[in-house]
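Engineer: Listed in order, the protein sequences are those of chains B and A. Per this note's numbering, the very first residue in the first sequence carries number 35; after that it's consecutive. Per this note's numbering, the very first residue in the second sequence carries number 35; after that it's consecutive. We treat Cβ as the ideally placed atom computed from N, Cα and C, and that holds for glycine.
Protein chains: 2
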Amino acid sequence: MESSINPSISVDCVVFGFDDTELKVLLVDFIKDAQSACSSLVNPERKLPGSLIQEKEDLSHAAQRTLSEMTGLNDIFLRQLYVFSDPDRISKSEDINWVENTYGVKVHRIVTVAYFALVKINKSVLQRTIEGIARWHSVLNIKHLAFDHKSILLKALEVLSQQLLNEPIAFELLPKRFTIRQLQNLYEAILGIEIDNRNFRKKVLNFPCIKPLEEKEKGVAHKPARLYKFDKLMYEKDIKQKMKYNLNFIRISD
Amino acid sequence: MESSINPSISVDCVVFGFDDTELKVLLVDFIKDAQSACSSLVNPERKLPGSLIQEKEDLSHAAQRTLSEMTGLNDIFLRQLYVFSDPDRISKSEDINWVENTYGVKVHRIVTVAYFALVKINKSVLQRTIEGIARWHSVLNIKHLAFDHKSILLKALEVLSQQLLNEPIAFELLPKRFTIRQLQNLYEAILGIEIDNRNFRKKVLNFPCIKPLEEKEKGVAHKPARLYKFDKLMYEKDIKQKMKYNLNFIRISD
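Structure follows, in structure tokens:
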């Protein structure tokens, strides 16, 4: 019985963060060889944090290990995004060489499972990511990535936009206490559009799970704005209530 | 440089159908060897339609090929469901033997990418699936499946339930013209609960994308009920309108 030549399997992680104004993503420098290292220092190519999976490791473990090794972030919630399996997705000999030299194994085809995660960029996260080799980059400024990682990033952005419209994931990217302006900035940054301030404020204030606090923001040049928090428990109770009536999709036209 | 022992990669397809009363899924008989074939005839083990991927094939092609070979169904819309990658998911020697004999290659670990699809069980689909080796089985009656296919089915059911509540996928499983009773049966079958008739009817009739027709159902013993259709164009226009305001998630508490 012949041995089949199986593809190698890798994981690649799209970690999104938000710093009050911009949507960011964690990338690592991708330096192919000594020859290109010089030009790389000026304008390095970049890639998503990723790794081939190990022999006795499932995919989610591989993704967590990769993040921990490359970004210093542990225990962040990763979701499976999509599998990229085009037989020619990694076929340039220099790319194959890089993978073979990095991992010390022969590869002929790589199927990658992309994961994505949302993190609040606060002081503690910044401190931890500085200790890793990955760096935060503004999503808007990313023109090119190594391999097919730009396609993976675009797929992640597509899914992020969809989820932003259907689930309260915005609050995964914001500080616990936030202003309406911050929430609006986040929506504008992810969806890449401008939103009418008054309409947005009105809609948000009508949403009972977003609760006004007594506090206002501090240390700002402008008039300090009120802070709000997202009441997750109330949201989940409300979801369960709606599920009982099995008609959430009808929300669309409420 | 050593060759890495890569996992084999397979696809498994969860094809759901609805026949007016029950949620069904396509399964193939799983006969391990001649010895067990006898007892298998009485109470055969079953599995999802699936296949190892070929060397020059991406995953979606492999899934379409598998469906076409095993179920006679072509060009049905498949979505990636989830990757199952536990290193021990297929580790019983009889299971490994079956895979090796079926595909004529050595395997030591199999990572599988599950796909799922929704089809309307009508005469033409029934005719085509009868020509394949897969058969429709009532989801409620499935106690056990080969390998970890029961877990894959449960994951598909979970995703189907979620999507049923958030997207108008119910209409993928119903005939073009349907009664409110059929729609309610579908919700009850997938979610596994009973729904109050009057509430359901009231909610559905309030939903402008579900349009009453002049026709009524024919050839039924009871008083024929009015037929409805789902206006997909209107729904999509409405979605776009909502997306413009970026606040769909706020629907939750409309």
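Just the chain B side, please: which residues come within less than 7 Å of residue 92(A) by C-beta, in chain order?
Structural biologist: 119, 120 and 121
Engineer: Are there 16 or more other CB atoms within 10 angstroms of the CB of residue 55(B), so buried, or fewer, so exposed?
Structural biologist: exposed
Engineer: In the structure shown, what three-state DSSP assignment does residue 250(A) receive?
Structural biologist: strand
Engineer: Contact criterion: CB-CB distance below 7 Å. Does residue 42(B) meet it with respect to chain A?
Structural biologist: yes
Engineer: Just checking: is the beta-carbon of residue 84(B) within a distance shorter than 7 Å of some beta-carbon in chain A?
Structural biologist: no
Engineer: In chain order, what are the residue ranges of uninterrupted beta strand (DSSP E) at least 3 long that sit wholly in the stretch 57-144 of chain A?
Structural biologist: DSSP runs (the beta strand (DSSP E)) wholly in the stretch 57-144 of chain A: 57-64, 79-81, 84-86 and 112-118.
Engineer: Among 86(B), 117(B) and 152(B), which one has its Cα closest to the Cα of residue 197(B)?
Structural biologist: When C-alpha distances from residue 197(B) are compared across 86(B), 117(B) and 152(B), the shortest belongs to 152(B).
Engineer: Could you tell me the boundaries of the beta strand (DSSP E) in which residue 39(B) lies?
Structural biologist: It is not in any beta strand (DSSP E) - residue 39(B) carries neither H nor E in the DSSP assignment.
Engineer: DSSP state of residue 181(B), grouped into three classes?
Structural biologist: coil
Engineer: Whole angstroms is fine: what's the gap from residue 91(A)'s alpha carbon to residue 120(B)'s?
Structural biologist: 7 Å
Engineer: Candidates 226(A), 45(A) and 221(A): which alpha carbon is nearest residue 118(A)'s?
Structural biologist: 45(A)
Engineer: Would you kindly work out how many angstroms separate the C-alpha atoms of residue 228(A) and residue 174(A), rounded to a whole number?
Structural biologist: Each residue's alpha carbon lies about 15 Å from the other.
Engineer: Below 7 Å between beta carbons: does that hold for residue 87(A) and residue 43(A)?
Structural biologist: Yes, these two residues count as a Cβ contact at 7 Å.
Engineer: Drop a sphere of 10 angstroms on the beta-carbon of residue 218(A), count the other beta-carbons inside from all chains shown, and report buried for 16 or more, exposed for fewer.
Structural biologist: A residue is called buried when at least 16 other Cβ atoms come within 10 angstroms of its Cβ; residue 218(A) meets this threshold and is buried.
Engineer: Please work out which residues of its chain come closer than 8 Å, Cβ to Cβ, to residue 144(B), disregarding the five sequence neighbours upstream and downstream, and give them in chain order.
Structural biologist: 41, 42, 43, 44, 86, 123, 124 and 133
Engineer: Hey, is residue 173(B)'s beta-carbon within less than 7 Å of any beta-carbon in chain A?
Structural biologist: no
Engineer: Pull the bridge partners of residue 46(B) from the DSSP assignment, please.
Structural biologist: 84(B) and 148(B)
Engineer: Please classify residue 96(A) as buried or exposed, where buried requires at least 16 neighbouring CB atoms within 10 angstroms.
Structural biologist: Classification for residue 96(A): buried.
Engineer: What does residue 89(A) reach in chain B if we use C-beta pairs closer than 7 Å?
Structural biologist: 39
Engineer: To the nearest angstrom, how far is it from the Cα of residue 84(A) to the Cα of residue 226(A)?
Structural biologist: 27 Å
Engineer: Helix, strand or coil: which one does DSSP assign to residue 212(A)?
Structural biologist: strand
Engineer: What does residue 114(B) touch in chain A if you count any residue whose Cβ is under 8 Å from its own?
Structural biologist: Under the 8 Å cutoff, chain A gives 116 and 117.
Engineer: For residue 102(A), collect the residues of the same chain with a Cβ closer than 6 Å to its Cβ; drop the 5 residues on either side in sequence, then sort them by chain order.
Structural biologist: 108
Engineer: Secondary structure at residue 257(B), three-state DSSP: helix, strand or coil?
Structural biologist: coil
Engineer: So, does the CB of residue 147(A) fall closer than 7 Å to a CB anywhere in chain B?
Structural biologist: yes
Engineer: Pick helix, strand or coil for residue 186(A), following the three-state DSSP scheme.
Structural biologist: Note: residue 186(A) maps to helix in three-state DSSP.
Engineer: Smallest Cα separation from residue 48(A): which of 106(A), 113(A) and 240(A)?
Structural biologist: Ranking 106(A), 113(A) and 240(A) by Cα distance to residue 48(A) puts 113(A) first.
Engineer: Take residue 147(A) and list the residues in its own chain whose beta-carbon comes closer than 6 Å to its own, dropping the five residues that flank it on each side.
Structural biologist: 45, 93 and 117
Engineer: Measuring only the C-alpha atoms, how far is residue 253(B) from residue 232(B)?
Structural biologist: 24 Å
Engineer: Measure the beta-carbon distance from residue 211(A) to residue 249(A) and round it to whole angstroms, keeping in mind my assumption that it falls under 8 Å.
Structural biologist: 7 Å
Engineer: Thinking C-alpha only, which one of 189(B), 89(B), 130(B) and 128(B) is nearest residue 142(A)?
Structural biologist: Checking every option, the nearest Cα to that of residue 142(A) belongs to 89(B).
Engineer: From residue 188(B) to residue 106(B), what does the alpha carbon distance come to, in whole angstroms?
Structural biologist: 24 Å
Engineer: Find the nearest neighbour of residue 259(A) within the set 246(A), 268(A), 267(A) and 265(A), judged by alpha-carbon distance.
Structural biologist: 246(A)
Engineer: Less than 7 Å separating the beta-carbons of residue 50(A) and residue 62(A)?
Structural biologist: No; because the gap between Cβ atoms is not below 7 Å, this pair is not in contact.
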